[in-house]
Amino acid sequence: VTVDAKGDSATQVSQVQDLITQNIDALIYIPAGATAATVPTKTAKAAGIPVVNVDRNAEGAPGDTFIATNSVASAKAVCDHIAKQAGGKGEMIIIHGQKGTTPEVDRSKGCGEALSAYPDIKVVGELWSEGWHQDEGFKLTQDLLQSHPEVSIVFGQADALALGAAQAVKVANPGHKVWIAGFDGDVAALKALKGGVFDVTATQQTQGMGRLAVDAAIKLVAGETVPAEQLQDATLTTKDNVDQF
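The numbering of the sequence shown is our numbering, which starts it at 1 and goes up by one.
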């Protein structure tokens, strides 16, 4: 049984509760947001249903296993790369994902760790998206560029946000190079990366994580033990290696 809340937390909570009443054997779960992460996990586990959380976990109510990209390490690599490309100096803005979700928190942490090595890079603005969407990336970047026209580095915490940021930079036409980083490695973004629309991303092993989630669910139903956390590497991707994907 598969359901899709289309990013709406309240819908997802209701959907998971309905699934539990259908006596499912296991739940593979990608929380729609920080709010949706906790209640369904607690409810399923109280009913004796094993839970595999993918991409986002719930603090205080984790799944039996959590499968995701190592966003801290990957975001650190992305921000280190873009900082070097920018010459280790300049004004930077960050377009965050949905506030409080696991990837948003971890990507913020990883990027912060990278930037600690670049004292001449100043983060002059940060804004949070509601749903990681490209139109949000455009609007939020546009707002920040109006206040900070000298920005030369942008980190969008998802490729959609980075693509929106690239649109905003093109419209602003700042007259200097603006280095843009994303995260995810989705198909549209990889095509744009190859075309020079933005500069770097971290390509996630999405299919591999899906297979791992199903394998973990089968093992949990069989009573086997699986690791509490299964973090996967992402590949730092630029125009130089994008063709491998």
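In this text, a Cβ means the ideal position worked out from N, Cα and C, and glycines have one as well.
Separation of K99 and H176 (C-alpha to C-alpha, rounded to the nearest whole angstrom) is 31 Å. Here G63 is buried, its C-beta having at least 16 other C-beta atoms within 10 Å. For V214, the enclosing alpha helix (DSSP H) starts and ends at 206-221. Annotation for Q232: the continuous beta strand (DSSP E) segment containing it runs 229-232. In terms of CA proximity to S14, A32 leads the group A26, V221, A32. DSSP, reduced to helix, strand and coil, places H81 within a helical segment of the structure shown. The Cβ-Cβ distance between T41 and V51 falls below 7 Å. The C-beta distance from A73 to G110 rounds to 6 Å, short enough to fall under 8 Å.
DSSP, read as helix, strand or coil, puts T237 in strand. It is roughly 40 Å from the alpha-carbon of K139 to the alpha-carbon of P227.
A158 is positioned such that its CB atom lies no closer than 7 Å to that of F198. Per DSSP, the beta bridge partners of D184 are T203. Burial state of F155 is buried, judged by a 10 Å Cβ sphere holding 16 or more other Cβ atoms.
In the displayed model, K177 falls within coil according to three-state DSSP, outside both helix and strand.
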